[in-house]
Every structure is written in structure tokens, then in C-alpha cells.
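Residue numbers (the numbering used here): 1331 to 1449.
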């Protein structure tokens, strides 16, 4: 409990506050890149795996296969997942950030599951 109390802003140095803000800002930018990728190609393998990854961080009920995640992404995208995961583990990515990313990517909207007639 003392550690939690001492980690509040009044007990942190300005340098530590600035570092935490920079980490949070970098994670937001990376989440935006992930959202853009999902928008560009929602049904592509990288988008599917990154959506699963975000849902896993958001609610903990979505199991992800790390092997599949790693191999579905191109050279740059694993760095995005690593940056978001590291920031999340360190408390720099809030539930609200994840909710917004999932909402902006269209994953919070109900999906139309009714079959469409063939024309």
C-alpha cells in the first residue's frame, strides 16, 4: 500500500512524471496506428490478430496465440504490439484507451449476423 501511495504524482519527481506522460503518449500513438491498420484491411490476418490482442488486454477473456500473432504481422507491427503491451503492463494504457481503440476500429459495434440473400 505504501508503494502505491508513493507512486502518486505528489511523490514523483518531475522527471518521472514526464517519463510516464511520454510513455502514455507513445502508447496512444501506437494504438492509433493499430486502429488505422484495422480500418484499412479489417479482414486481413494482421487486423484479426491485433483485434484479438486488444480484446485480450481490454477484458482478459480473449485468448491469443502468440505464435499466430507474431507470424501474422509484418516487420513493423510486432513492435506496435510490444510497445502497447509494455505500456499496458506498466500501467500507461488505461481501460479507456483500449475501449476507445476498439470503438474506433469498429469492434464495439454490433455485427450484422443475418445472412444476406445471394443476388
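All C-beta atoms, glycine included, are put in the ideal place defined by N, C-alpha and C.
Grab me the residues of residue 1386's own chain with a C-beta within less than 8 Å of its C-beta, minus the 5 sequence neighbours each way, in chain order. For this step, residue 1386 is matched to residue 56 along the chain shown. Cβ within range, chain order: 1392, 1393, 1394.
Hey, quick one: how far does the alpha helix (DSSP H) through residue 1348 stretch, first residue to last? One-based indexing of the chain shown puts residue 1348 at position 18. From DSSP, the alpha helix (DSSP H) with residue 1348 extends over 1344 to 1370.
Output the distance between the C-alpha atoms of residue 1416 and residue 1430, rounded to the nearest integer angstrom. What you label residue 1416 is simply residue 86 of the chain shown in a count that begins at 1. What you label residue 1430 is simply residue 100 of the chain shown in a count that begins at 1. Using only the alpha carbons, I get a separation of about 18 Å.
Is it buried or exposed for residue 1364, if we count other Cβ within 10 angstroms and need 16 for buried? Taking the chain shown and counting its residues from 1, the one referred to as residue 1364 is at position 34. Classification of residue 1364: buried, given that the 10 Å Cβ count is 16 or more.
Quick one: Cα of residue 1449 to Cα of residue 1426, how far? Sequence index remark: in the chain shown, residue 1449 carries index 119 (1-based). Sequence index remark: in the chain shown, residue 1426 carries index 96 (1-based). With a pLDDT of 49 at residue 1449, under the threshold of 50, the modelled position of that residue is not reliable, and the figure given next carries that caveat. Taking the straight line joining both Cα atoms gives about 42 Å.
Where residue 1362 and residue 1410 are concerned, what is the direct C-alpha to C-alpha distance, given to the nearest angstrom? Position 32 of the chain shown, counted from the start, is the residue given in the question as residue 1362. Position 80 of the chain shown, counted from the start, is the residue given in the question as residue 1410. Approximately 10 Å, taken between the alpha carbons.
Can you check whether the CB of residue 1384 is closer than 8 Å to the CB of residue 1367? As a working mapping, residue 1367 is identified with position 37 in the chain shown. As a working mapping, residue 1384 is identified with position 54 in the chain shown. The answer is no: Cβ separation not under 8 Å.
Whole angstroms are fine: how far does the CA of residue 1402 sit from the CA of residue 1341? By 1-based counting over the chain shown, the position of residue 1341 is 11. By 1-based counting over the chain shown, the position of residue 1402 is 72. Taking the straight line from one Cα to the other gives about 43 Å.
Candidates 1407, 1420, 1346, of which the one nearest residue 1378 by Cα: Counted from its first residue, the chain shown places residue 1378 at position 48. When only C-alpha atoms are compared, the closest one is 1407.
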